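Enquirer: Residue numbers (the working numbering), protein chains in the order written: chain A, 792 to 940; chain B, 792 to 940.
By construction, the Cβ of each residue, glycine as well, lies at the ideal position given by its N, Cα and C atoms.
From a predicted model like this one, the values you see are computed outputs, not experimental measurements.
To start, I am sharing the structure in question, which I have written as structure tokens.
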DNA sequence: AGACTATTGTAGCCTAGGCAACAATTCTCG
DNA sequence: CGAGAATTGTTGCCTAGGCTACAATAGTCT
């Protein structure tokens, strides 16, 4: 068993993530938000007034990527950039009312999608799966943190 | 427990996939191939002479995306497009010698990366994890197949 | 104060993927 | 045979992410 095998765990995991994304994206098409943008909402919903850098850290993406995402979302009326009163470098981020409404809708769809995906597992297997995945994630964070050069 | 929770399985799974990708990408930087391009190699290695559409199906990506990927890889000397002798619409794809060499190298790195990621799990847990993930994948393929409109 | 240093957001250039439309070609079936 | 349907690969336009370099601003330390 190696990367040449279709059942290789490395493939399966990335397939699971990709398929989850695909299914979710298809279900929310029509709301006007993409999945990536919805992730922005989930963060700003909990932490209104965050800066762009803070948002990028929360999403674990590049500052530049986050900035461009915000360009799109601002243009489409989901997000507001307000100048910080003390530090002129900083943009404070806030959701529009419409964004807060959409957030709820996407949330429900996300839950339903994950439920559907895990449907073939029993309650107990679901827990197992979640715990195993969390441990793998922890390990990977360690590997990613200590830069792998 | 819902999408608002950081330990939500939906987040964890996409995190695992993303981190695995990040770690792997960092480790192979310098070979001159990206992870996505290496995936192309893995397929053409097993199925030389495939058409672009066949490759796209194997990778489960768009025909257009595959075509552009091949543009880059051809330009960089990893892949050759040869005209099919019977059907003038078709390009048959072949790896260059250099690509076959790089394939081996990336393969080893991929195996090591996955091994590292799964290091915190016991042999038995690894099997469990793999099997559970495969079942979830199967379910998602069902959901993705029957288009979710 | 003034000179470094650090942080913030942006712009440029890159890979990667999706969808829709299109020309070239091939297939099918009347 | 020939007209319409299907397939193949490409192009255009979109989102999304990474890395580097940069100007503006803020912080630090002599």
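1) Can you pull the chain B residues whose beta carbon is under 8 Å from the beta carbon of residue 919 of chain A, in chain order?
2) Any beta carbon of chain A sitting closer than 8 Å to that of residue 835 of chain B?
3) Pull up the distance between the alpha-carbon of residue 883 of chain A and that of residue 929 of chain B, whole angstroms please.
4) In the DSSP output, which residue or residues are listed as bridge partners for residue 872 of chain A?
5) Tell me the start and end of each unbroken alpha helix (DSSP H) in the segment 800-867 of chain A that is at least 4 residues and wholly inside, in chain order.
6) Please say whether residue 869 of chain B and residue 828 of chain B have beta carbons closer to each other than 8 Å?
7) Rounded to the nearest angstrom, how far is the Cβ of residue 927 of chain A from that of residue 927 of chain B, given a contact under 8 Å?
8) Counting only beta-carbon separations shorter than 8 Å, does residue 806 of chain B have a partner in chain A?
9) Please tell me whether residue 804 of chain B and residue 924 of chain A are closer than 8 Å, where the distance is taken between their beta carbons.
10) Would you kindly check if the distance between the Cβ of residue 934 of chain A and the Cβ of residue 905 of chain B is under 8 Å?
11) What residues from chain B crowd round residue 907 of chain A, counting only those whose CB sits closer than 7 Å?
12) Do residue 889 of chain B and residue 822 of chain B count as a contact pair if the criterion is CB distance below 8 Å?
13) Interface residues of chain A around residue 916 of chain B at Cβ under 7 Å?
14) Label residue 812 of chain A either buried or exposed according to how many other C-beta atoms from any shown protein chain fall within 10 Å of its C-beta, with 16 as the threshold for buried.
15) Between the beta-carbon of residue 865 of chain A and the beta-carbon of residue 854 of chain A, is there less than 8 Å?
16) Flag residue 813 of chain A as yes if its beta-carbon sits less than 8 Å from any beta-carbon of chain B, otherwise no.
17) Classify residue 910 of chain B: buried if its beta carbon has 16 or more other beta carbons within 10 angstroms, exposed otherwise.
18) Step through the CB atoms of chain A and report whether any lies within less than 8 Å of the CB of residue 928 of chain B.
19) Alpha carbon to alpha carbon, how far is residue 932 of chain A from residue 877 of chain B?
20) Name the chain B residues that come within less than 9 Å of residue 831 of chain A, Cβ to Cβ?
21) Can you confirm whether residue 803 of chain B, when its beta carbon is compared against all beta carbons of chain A, has any partner nearer than 8 Å?
22) Note down the Cα distance separating residue 892 of chain B from residue 799 of chain A, rounded to an integer number of angstroms.
23) Which residue from A:845, A:907, A:898, A:899 puts its Cα closest to that of residue 881 of chain A?
24) Among A:849, A:915, A:919, A:875, which one has its Cα closest to the Cα of residue 832 of chain A?
25) Whole angstroms are fine: how far does the CA of residue 879 of chain A sit from the CA of residue 907 of chain A?
26) Would a check of beta-carbon distances place residue 931 of chain A closer than 8 Å to chain B?
27) From residue 920 of chain A to residue 916 of chain B, what distance separates their C-alpha atoms?
28) Please tell me whether residue 912 of chain B has its Cβ less than 8 Å away from any Cβ of chain A.
29) What is the rounded straight-line gap between the Cα of residue 874 of chain B and the Cα of residue 885 of chain B?
Expert: Here's the rundown:
1) Close to residue 919 of chain A, with beta-carbon spacing below 8 Å, are these residues of chain B in chain order: 919, 923.
2) No, residue 835 of chain B lies away from the interface with chain A (no Cβ there is under 8 Å from its Cβ).
3) The straight-line gap from Cα to Cα measures roughly 43 Å.
4) For residue 872 of chain A, which the question treats as bridged, DSSP gives the partners A:884.
5) The qualifying runs are 800-819, 826-837, 843-850, 854-866.
6) Closer than 8 Å, so yes.
7) That belief does not hold up - the Cβ atoms of residue 927 of chain A and residue 927 of chain B are roughly 14 Å apart, past 8 Å.
8) Yes, its Cβ sits closer than 8 Å to a Cβ of chain A.
9) Taking 8 Å as the Cβ cut-off, residue 804 of chain B and residue 924 of chain A qualify as a contacting pair.
10) Remark: C-beta atoms of residue 905 of chain B and residue 934 of chain A do not approach each other more closely than 8 Å.
11) Proximity of chain B to residue 907 of chain A at the Cβ level (cut-off 7 Å) is accounted for by 934, in chain order.
12) Note that the C-beta distance between residue 822 of chain B and residue 889 of chain B is not below 8 Å.
13) For residue 916 of chain B, the residues of chain A that pass the 7 Å Cβ criterion are 923, in the order they occur in the chain.
14) Counting C-beta atoms within 10 angstroms of its own C-beta, residue 812 of chain A has 16 or more neighbours from the protein chains shown and is therefore classed as buried.
15) When the beta-carbon positions are compared, residue 865 of chain A and residue 854 of chain A stay at least 8 Å from each other.
16) For residue 813 of chain A, the nearest beta carbon of chain B is closer than 8 Å to its own beta carbon.
17) Residue 910 of chain B comes out exposed.
18) Closer than 8 Å to the CB of residue 928 of chain B there is at least one CB belonging to chain A.
19) Separation of residue 932 of chain A and residue 877 of chain B (C-alpha to C-alpha, rounded to the nearest whole angstrom) is 51 Å.
20) None at all; the shortest Cβ gap to chain B is about 13 Å.
21) Answer yes: the Cβ-Cβ gap between residue 803 of chain B and chain A drops below 8 Å somewhere.
22) The straight-line gap from Cα to Cα measures roughly 21 Å.
23) From the listed residues A:845, A:907, A:898, A:899, the smallest Cα separation to residue 881 of chain A is found for A:845.
24) Considering only alpha carbons, the answer is A:849.
25) Between the C-alpha atoms of residue 907 of chain A and residue 879 of chain A there is a straight-line separation of about 46 Å.
26) Chain B has a Cβ within less than 8 Å of the Cβ of residue 931 of chain A.
27) Here the alpha carbon of residue 920 of chain A sits roughly 10 Å from the alpha carbon of residue 916 of chain B.
28) Yes, its Cβ sits closer than 8 Å to a Cβ of chain A.
29) Computed Cα separation, rounded: 11 Å.
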